[in-house]
Structures are given as C-alpha cells and as structure tokens.
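In terms of the numbering used here, the first sequence opens at residue 0 and continues consecutively.
Positions of the beta carbon are idealized from the N, C-alpha and C atoms, including for glycine.
Encoded as structure tokens, the structure appears first; notes follow it.
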Amino acid sequence: MSVIVRMAPSPTGFLHIGNVRTFLFNWLYARHEGGQIRLRIENTDTAREVAEATDFIQESLQWLGIDWDGEITFQLDRMDDCRRVAEQLVAEGKAYEDEGAIRFRMPDEGVTAWDDVIRGRVEVPNESIEDLVLVRSDGRPTYNFASPMEDVWDGITHVIRGEDHISNTPKQLNIIRAVGGDLPTYAHCPNVNGGDGKKLSKRHGAVGVDEFRNAGYLPPALMNFLALLGWAPDGETTVMSRDELVERFELARVSPSPAQFDYAKLDWLNGVYQRALAPEAFAHALVLWLGEHGYEWDAERVRKAAPLVQEKISRLGEFPSFAGFLFQDVEPASVDGGAEVVAAAGDALAELEPFTAESIESALRGVLERLGLKPRQGFQPIRVAVTGSKVSPGLFESIELLGRETTLARLRRAAATAA
RNA sequence: GCCCCCAUCGACUAGCGGUCCAGGUCGCGGCCCUUUCAAGGCCGUAGCACGGGUUCGAAUCCCGUUGGGGGCACCA
C-alpha cells in the first residue's frame with residue numbers, strides 16, 4: 000500500500016516553526032517512501048482571512064523547499080459530508096442529539112489503544128473519554144470529527160502530527176471505527192520548545208517561517224536544522240542536504256522526547272551552508288535578499304562585497320550592519336589616539352597607484368613601519384575611521400572597494416576630529 | 001482534580017544487556033593562526049534525575065518517586 004500523509008495547518012496567520020518541523024517529518028517520510036503528501040487547510044472555525052493565511056502558508060512551505068501533491072483541500076468544503084455522516088451515526092444509534100448538537104457515543108469500558116510509530120503502544124481508558132460533539136448546534140462539524148473523516152476520505156495511511164494530539168487520537172479512532180473506515184497509522188512527534196523548556200514562542204526569538212526568511216537564513220540550512228530536532232540518522236552526521244535527508248529519514252527513529260530550539264546552533268549551521276556556497280551563488284542570494292528587504296544598494300558593488308563577508312557573517316541579514324559602510328556614509332567614530340596614523344594613511348593613499356588591496360596593504364604597512372606601530376595598534380584606528388566600526392571585513396579589500404575618494408574623505412575627517 | 005506523554009553533557013543527539021570509567025555536533029574555556037571579526041587547526045569542559053528490582057552483567061528491561069510537558073471545549 001502506497002503511503003499518503005497530510006499537512007494540516009489551520010489558517011490563523013503565520014506558520015509556526017514548530018508546526019513546520021512536524022510538516023517536514025511528514026514530507027520527509029512521504030518522499031522517502033515514494034508516497035504522497037497532501038496539504039489540507041483546517042478552517043472549520045476561522046472563516047476570516049482564510050485566503051490570505053492560506054497563501055502565506057503555501058509561500059512559507061515553498062520557500063523552505065517542502066512541496067505537496069494534488070490540490071489543496073479545505074475542511075470547510077466537507078461540512079455537508081460530515082453532517083450526513085453524523086446523521087447516519089444518529090440513525091445507527093452511535094450518536095445522539097444533545098441540545099441541538101450531535102454527540103458521539105464513546106465506549107464506557109475497556110481501553111482504546113494504538114501502536115504509535117514514535118511512542119509504541121498507547122492505551123487510554125475509555126471511561127476517561129467523554130462523548131464528544133460531532134456537529135455543533137449551528138451545523139458546523141467540530142475538528143475532532145472533521146479531521147478523522149477527512150483522513151478516511153483522503154485515504155491517509157499515516158497521520159504524523161504533534162504530541163498535543165495524543166489525547167485526541169482515541170476519540171478519532173473510535174469515530175473512524177464507527178463509520179467503518181480504515182484506521183491510519185499514527186505517529187506523534189515531540190514538541191519543539193524554547194531554551195527554557197516551555198513552548199516555543201515569540202519571547203524566545205523568531206517563530207514564524209517568515210521571520211527566519213527575513214533574518215536571512217538559507218532554506219536548506221533551516222530544513223537541515225529542523226530535521227535534527229527530534230531525529231538523527233546516527234550519532235555522527237549533522238550536515239545533510241535536502242536529498243540526503245529524504246534518503247536517510249526514518250520515522251521510527253524520531254525521538255519521543257521534546258527538543259529545544261537552539262538558535263546558536265542554527266546560526267552555526269547556516270554559516271556552514273553559506274560558506275559552502277559558490278561565491279557567485281552567495282553573491283546572488285545576497286543581492287536577492289537585499290532587494291526583498293528594501294535596500295536599494297548597487298547590485299554590482301554588493302557582488303563585489305560578497306566575497307569579503309561570506310565567511311564572516313552567519314546569515315544574510317547581518318550584511319547591512321556589517322558592510323553597510325560600503326554603501327552609505329558612516330557615523331564618525333572616535334579614533335582616540337590614532338590621529339597621527341590616520342592622517343599618515345591618508346597621505347600614503349592619496350597618490351597610490353594602482354589602488355588595489357595589495358598595493359594598499361603594502362602602503363599602509365609602510366606607514367606603520369615608519370611610525371613604529373604594530374599591526375594591531377596601527378590598523379585599528381584606520382579601520383574605525385574608514386568603516387565606522389571596530390569590526391569589519393578585511394581592511395585593504397574594503398578600502399579598494401570603497402574607492403580612493405571616499406576613503407580619503409573619511410580618513411581626513413577622522414584625523415581632523417581627533418586633533 | 002482526572003487522563004496521557006516524556007526523562008543521556010547547558011543544547012541537539014548516538015546508544016536498543018557486555019565492545020561505554022558513555023561517542024558526535026553546537027555552545028562554552030584555553031592555545032595556535034591573525035589587520036578587527038569570522039573561518040580554520042589543536043586541546044579541554046560537561047551527562048546516563050533518584051530509589052528499588054530482573055540479570056553473571058543495566059544508560060539500555062520492569063516498578064515506583066521526583067521533575068518536565070500535553071490534554072480534559074458546541075478551539076484547532
């Protein structure tokens with residue numbers, strides 16, 4: 000039997016990174032097994048802004064590299080089918096009317112159990128399961144009714160979802176049995192928490208896929224990181240491409256215990272991917288990112304600056320603050336005590352030919368030698384004068400890119416201010 | 001309160017009865033390299049929650065305790 004799984008977000012706005020991790024497990028499993036994955040919007044309740052949120056969800060998924068098969072379906076579209084089934088259940092005595100609503104009759108004795116791919120056997124005493132509402136008094140089916148029904152109608156073979164659904168599972172199992180549907184296999188993924196072990200939320204950092212995109216993370220890096228939250232192919236491997244993840248993913252190896260989202264590790268991994276990019280590819284990504292985020296900086300110059308920062312920043316979003324001095328004027332910073340070397344540097348560069356990183360370096364080293372300064376002492380005031388910061392890309396390459404005119408202006412201004 | 005789930009370094013994890021005085025990665029600390037910051041190289045730091053069993057032998061199996069988390073809606 001061919002595998003069919005589904006991603007079932009509710010259209011409440013942005014896509015939470017924790018949900019995306021669960022979707023990723025669905026996707027990896029489907030692709031690994033050569034099966035199908037559906038995108039189903041669970042909009043039984045939120046009728047507002049559905050279209051917009053749905054677009055947003057698709058965009059985020061596509062950006063990350065998670066695709067799906069077939070048309071998107073909406074839970075709301077199957078209201079009538081759900082109602083019909085509910086009425087049938089009432090006719091069969093398996094459900095009953097209650098103040099205008101329809102309730103399902105849960106078994107009172109024994110246990111409802113299933114073999115969870117991730118957790119093993121889970122058993123829940125039936126006496127702890129209440130008769131649940133199938134259809135509200137206004138005629139709308141509830142989530143716990145619509146969701147399993149859709150799983151049956153869509154032929155879902157594996158329901159892979161968050162652990163917060165564990166307690167819904169026995170309810171849905173009983174409903175599917177009552178309608179005579181095939182029971183899917185269930186796999187409940189662990190939660191993704193923040194650094195304090197609490198549910199990941201805004202106060203921990205970025206949580207929406209769009210936020211990670213805006214911060215300048217690379218999709219394959221984020222995917223790689225997410226896959227490692229609750230799953231590992233072995234004890235050694237950590238860097239894996241999209242294809243490699245698909246090839247190696249095993250649902251049964253997903254851990255049942257919750258994981259914490261480590262932003263520092265994500266940054267490291269993103270840096271790994273960034274450095275592995277061909278220089279042109281990195282430059283291209285940088286130009287695109289800047290364009291999408293409102294920077295109208297000269298693309299040609301961005302491409303030239305890219306190699307200077309590729310191994311120094313860990314995400315695209317760090318570029319503006321790290322290399323912005325190449326594109327806009329800087330706040331004059333204090334070169335305390337460095338007025339002399341700054342002024343001398345200006346003189347040395349004024350007539351320098353050619354004006355290349357190599358010649359700039361030897362000219363400036365000559366200046367330091369004459370003044371009896373160590374590189375550390377001499378270059379730092381120059382750096383601060385030229386870049387406006389104590390931290391920057393390589394000084395000589397930066398000066399070459401900046402150009403003689405701007406460099407001299409900044410050096411002279413700094414020398415004058417310090418004097 | 002009731003039900004369910006979880007438990008290896010600070011974090012992500014490997015381990016599925018002996019090869020583990022527990023391995024990898026991030027982080028952190030130190031050293032090297034070095035024009036800053038990174039990157040890179042080397043070294044180091046730190047863990048099987050606790051208590052009972054089972055067994056010749058337990059991080060690995062069972063029970064309990066403690067601690068976390070989730071759920072108990074005419075929300076999804």
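Report, in whole angstroms, the separation of the C-beta atoms of residue i and residue j, which I expect to be a contact under 8 Å.
i: A226; j: L244; result: 5 Å
i: I56; j: P10; result: 7 Å
i: S313; j: G270; result: 4 Å
i: V134; j: C81; result: 7 Å
i: T406; j: V385; result: 6 Å
i: I128; j: P147; result: With a Cβ gap of about 14 Å, I128 and P147 do not count as contacting.
i: Y262; j: G196; result: Not a contact, Cβ separation roughly 15 Å.
Pull up the distance between the alpha-carbon of residue i and that of residue j, whole angstroms please.
i: V191; j: G387; result: 40 Å
i: P124; j: S240; result: 43 Å
i: L60; j: L268; result: 20 Å
i: E58; j: Q74; result: 20 Å
i: A90; j: R247; result: 48 Å
i: Q273; j: D335; result: 36 Å
i: Q171; j: H164; result: 10 Å
i: R212; j: E162; result: 26 Å
i: G337; j: I381; result: 8 Å
i: A85; j: P140; result: 9 Å
i: L14; j: V208; result: 6 Å
i: D66; j: L287; result: 22 Å
i: G34; j: Q327; result: 52 Å
i: T236; j: A282; result: 28 Å
i: R118; j: A50; result: 36 Å
i: E122; j: T111; result: 6 Å
i: E357; j: L348; result: 12 Å
i: L415; j: P331; result: Going by the sequence as given, residue 415 is Ala instead of Leu. Cα to Cα, A415 sits roughly 11 Å from P331.
i: A231; j: L394; result: 41 Å
i: E404; j: L217; result: 36 Å
i: D242; j: S361; result: 47 Å
i: D137; j: A100; result: 8 Å
i: S333; j: L325; result: 19 Å
i: A343; j: V383; result: 15 Å
i: Y28; j: V19; result: 14 Å
i: H292; j: V206; result: 19 Å
i: A305; j: T355; result: 17 Å
i: W26; j: Y294; result: 34 Å
How far does the alpha helix (DSSP H) with residue i in it extend, from its first residue to its last?
i: H187; result: Taken as a continuous stretch (DSSP letters only), H187 belongs to no alpha helix (DSSP H), being part of the beta strand (DSSP E) at 184 to 188.
i: E399; result: 394 to 401
i: H283; result: 278 to 291
i: L27; result: 16 to 32
i: M222; result: 218 to 226
i: D85; result: Per the sequence presented here, residue 85 reads as Ala, with Asp not at that position. Segment 78 to 90, the alpha helix (DSSP H) holding A85.
i: A205; result: Segment: none, A205 is in no alpha helix (DSSP H) and carries neither H nor E.
i: V301; result: 298 to 308
Are residue i and residue j closer than 8 Å when you measure CB to CB?
i: D130; j: R176; result: no
i: L315; j: L285; result: yes
i: D68; j: R104; result: no
i: L199; j: G12; result: no
i: D114; j: V151; result: no
i: L372; j: V341; result: no
i: T53; j: I40; result: yes
i: Y142; j: T43; result: yes
i: G179; j: E317; result: no
i: Q259; j: G193; result: yes
i: A222; j: G92; result: The identity of residue 222 in the sequence shown is Met, whereas the question assumes Ala. No; because the gap between Cβ atoms is not below 8 Å, this pair is not in contact.
i: L98; j: E126; result: The amino acid at residue 98 is misidentified as Leu; the sequence shows Glu. Not a contact, by the Cβ cut-off of 8 Å.
i: I359; j: L370; result: no
i: A145; j: R83; result: no
i: K311; j: P392; result: yes
i: S254; j: G229; result: yes
i: L289; j: F224; result: no
Which first and last residues belong to the beta strand (DSSP E) in which residue i is found?
i: D150; result: Run containing D150: none in the beta strand (DSSP E); it sits in the alpha helix (DSSP H), 142 to 152.
i: R39; result: 35 to 40
i: T168; result: Per DSSP, T168 belongs to no beta strand (DSSP E); it is in the alpha helix (DSSP H), 168 to 177.
i: L133; result: 132 to 134
i: E122; result: 119 to 124
i: E352; result: Taken as a continuous stretch (DSSP letters only), E352 belongs to no beta strand (DSSP E), as it is neither H nor E.
i: I165; result: Element bounds for I165: n/a, residue is neither H nor E.
i: R5; result: 3 to 6
i: W113; result: 110 to 115
Does the segment 284 to 301 touch the segment 372 to 379, meaning 3 or more C-beta pairs lie closer than 8 Å?
Verdict: no, contact absent.
Segment contact flag, the segment 314 to 321 with the segment 396 to 411, C-beta cutoff 8 Å, min 3 pairs
Segments in contact, no.
Report yes or no: do the segment 2 to 19 and the segment 158 to 177 share at least 3 C-beta pairs separated by less than 8 Å?
Judged by Cβ distances under 8 Å, the segment 2 to 19 makes contact with the segment 158 to 177, as three or more pairs qualify.
Inter-stretch contact (C-beta, 8 Å, three-pair minimum) for the segment 272 to 287 and the segment 248 to 263
When Cβ pairs closer than 8 Å are counted between the two stretches, the segment 272 to 287 is seen not to touch the segment 248 to 263, the count staying below three.
Contact between the segment 400 to 407 and the segment 361 to 375 is defined here as three or more beta-carbon pairs at a separation below 8 Å; is this criterion met?
Short answer: they don't touch.
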